[in-house]
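Worksheet: the structure to be examined is printed underneath.
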Amino acid sequence: MEILTAIAKFIAADLRTATPLILAGIGLVFSARAGLVNIGVEGMMLVGALSAVAGSWWFGSAMLGTLFAMFTASIIALIFAYLSVTVKADQIVVGTAINILGLGLTTTLARTLFGLNTAPPDVASFEIIAIPGLSKIPFFGQAFFQQNALVYLALILVPIASFIMFKTDIGLKVRAVGEHPKACDTVGINVYLVRYVTILISGLFSGLAGAYVSLGLLSFFTENMIAGRGFMVLAAVVFGKYTPRGVLFAGIIFGAAEAIQFRLQAAGTAIPFQFLLMLPYALTIFALAGFVGKSRGPAAMSKPYDKD
């Protein structure tokens with residue numbers, strides 16, 4: 001029974017650590033399918049994480065803090081969209097600039113709002129929701145049905161996003177724009193609008209993921225707390241073959257590495273903590289090493305579209 005309990009706790013921890021990757025990854029699938037490489041997801045998640053804590057602090061509600069996080073991250077996403085779609089700047093350069101902006105902006109604002117050497121403020125965060133009946137099922141209840149609201153939301157959004165992307169006209173337009181924007185323009189599809197909307201979706205989901213990190217995993221903000229998760233999201237999208245279900249699978253794998261890292265540190269293992277900290281990122285590299293070439297992105301990926 002102790003082994004089963006340990007496994008159930010590990011699965012629960014895996015779901016918790018995978019959730020920000022899944023949430024941001026779903027949004028990234030939409031923008032990637034439209035031909036946009038949103039390297040700036042790390043910066044958007046950082047902005048979302050700080051905004052969630054600030055919003056929760058101001059409004060006294062984790063939900064309102066999360067909505068505020070999605071709003072602020074969407075503003076950053078629109079900046080990315082304007083520079084990459086309208087100005088036609090290099091998407092990799094713009095995304096890198098967004099990441100630098102996100103780190104600098106959140107660090108400065110956090111010190112301004114909360115002070116440099118003061119304890120973080122008490123904020124409303126997402127509590128564990130034990131689903132009545134299901135949470136009492138041996139093993140499965142502890143593993144799957146004692147999570148906070150955003151974990152459940154992430155799992156629900158995967159099939160919804162998959163249905164929209166592959167079973168609706170909206171998804172067909174998004175995928176068509178990512179494959180052949182000129183042909184889409186010829187038949188009357190507004191390529192610029194599709195790309196703006198998809199990058200906005202990516203920003204909203206990145207803000208949601210950032211809010212989960214600061215209000216779901218923790219209940220405070222620290223500088224650079226996303227800690228490379230944005231790049232793990234990019235890897236999850238590629239590993240998942242640009243599909244929501246693939247992102248779920250990749251997120252669970254990468255989340256497992258982070259869960260192992262936390263549990264080994266908590267157990268006081270003799271393994272150097274620097275090695276444990278690099279474990280999730282090392283797994284990401286190893287997972288992609290022989291896989292990137294097998295995952296074909298949209299034909300117009302990262303290519304600016306010029307109507308003229």
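Position 6 (the sequence shown) corresponds to 6 in the working numbering; numbering is contiguous. Every residue gets a Cβ at the ideal spot worked out from N, C-alpha and C, and that includes glycine.
Taking contact to mean at least 3 C-beta pairs separated by less than 8 Å, is the stretch 117-134 in contact with the stretch 145-157? As far as the Cβ criterion goes, the stretch 117-134 touches the stretch 145-157, which means the pair count is three or higher.
Neighbourhood of threonine 107 by C-beta, 7 Å cutoff - its chain only, sequence neighbours within 5 removed: Taken in chain order, the residues that qualify are Glu223.
Contacts around alanine 287, its chain only, beta-carbon distance under 8 Å, and the 5 residues preceding and following it disregarded: So the qualifying residues of the chain are Ala235, Phe239, Ala250, Ile253 and Phe254.
Does DSSP put isoleucine 129 in a helix, in a strand, or in coil? Strand.
Spell out a yes or no on whether the stretch 206-224 and the stretch 19-27 are touching, meaning 3 or more CB-CB pairs, one atom from each, closer than 8 Å. With the cut-off at 8 Å, the stretch 206-224 and the stretch 19-27 touch.
Pull up the distance between the alpha-carbon of phenylalanine 10 and that of isoleucine 260, whole angstroms please. The straight-line gap separating the alpha-carbon atoms of phenylalanine 10 and isoleucine 260 is approximately 8 Å.
DSSP on asparagine 224, reduced to helix/strand/coil? In the three-state reduction of the DSSP assignment, asparagine 224 falls in the coil class, being assigned neither a helical nor a strand state.
Could you give the uninterrupted runs of the alpha helix (DSSP H) lying entirely in the stretch 218-292, keeping only those of 4 residues or more? DSSP runs (the alpha helix (DSSP H)) wholly in the stretch 218-292: 229-239, 244-266 and 273-289.
Cβ separation of methionine 232 and threonine 284, assumed to be a contact under 8 Å, to the nearest whole Å: Right, the Cβ-Cβ distance comes to about 5 Å (below 8 Å), so this counts as a contact.
Per DSSP, what kind of secondary structure is asparagine 190 in: helix, strand or coil? The answer is coil: DSSP assigns asparagine 190 none of H, G, I, E or B.
Excluding the 5 residues preceding and the 5 following leucine 109 in the sequence, name in chain order all residues of the same chain whose CB lies nearer than 7 Å to its CB. So the qualifying residues of the chain are Leu50.
Where asparagine 148 sits in the DSSP three-state scheme: When DSSP states are grouped into helix, strand and coil, asparagine 148 belongs to the strand group.
If contact is defined by three or more beta carbon pairs under 8 Å, each pair taking one atom from either stretch, is the stretch 28-45 in contact with the stretch 72-85? Short answer: they touch.
Under 8 Å: do the stretch 89-102 and the stretch 189-201 share three or more Cβ pairs, one atom per stretch? The answer is no - the stretch 189-201 does not touch the stretch 89-102, with fewer than three Cβ pairs under 8 Å.
Under 9 Å between the Cβ atoms of arginine 16 and glycine 216? The answer is yes: Cβ separation under 9 Å.
Tell me which residues share the same chain as phenylalanine 262 and place their Cβ nearer than 8 Å to its Cβ, disregarding the 5 neighbours each side in the sequence. So the qualifying residues of the chain are Ala13 and Thr17.
With 16 other CB atoms within 10 Å as the buried threshold, where does isoleucine 201 fall? By the 10 Å Cβ count, isoleucine 201 comes out buried.
Could you check which residue in Ile76, Val29 and Thr186 has the C-alpha nearest to that of glycine 48? With distances taken between CA atoms, glycine 48 lies nearest to Ile76 out of Ile76, Val29 and Thr186.
Measuring alpha carbon to alpha carbon, tell me which of Ala300, Ala176, Val94 and Ala124 ends up nearest phenylalanine 59. Considering only alpha carbons, the answer is Ala124.
Could you have a look at proline 120 and say whether DSSP puts it in helix, strand or coil? The DSSP-derived three-state label of proline 120 is coil.
Identify whether lysine 9 lies in helix, strand or coil by the three-state DSSP scheme. Here lysine 9 sits in helix by DSSP.
Starting from serine 74, follow the alpha helix (DSSP H) in both directions and report where the run begins and ends. Annotation for serine 74: the continuous alpha helix (DSSP H) segment containing it runs 62-81.
On a CA-only basis, which of Thr19, Pro280, Leu67 and Gly95 is nearest serine 302? Give me that one, please. Out of Thr19, Pro280, Leu67 and Gly95, Gly95 has the C-alpha closest to the C-alpha of serine 302.
Between the alpha carbons of arginine 296 and phenylalanine 166, how many angstroms are there, rounded? One C-alpha to the other measures close to 17 Å.
With a Cβ-Cβ cutoff of 9 Å, do threonine 66 and alanine 52 count as a contact? With a cutoff of 9 Å on beta-carbon distance, threonine 66 and alanine 52 are scored as near each other.
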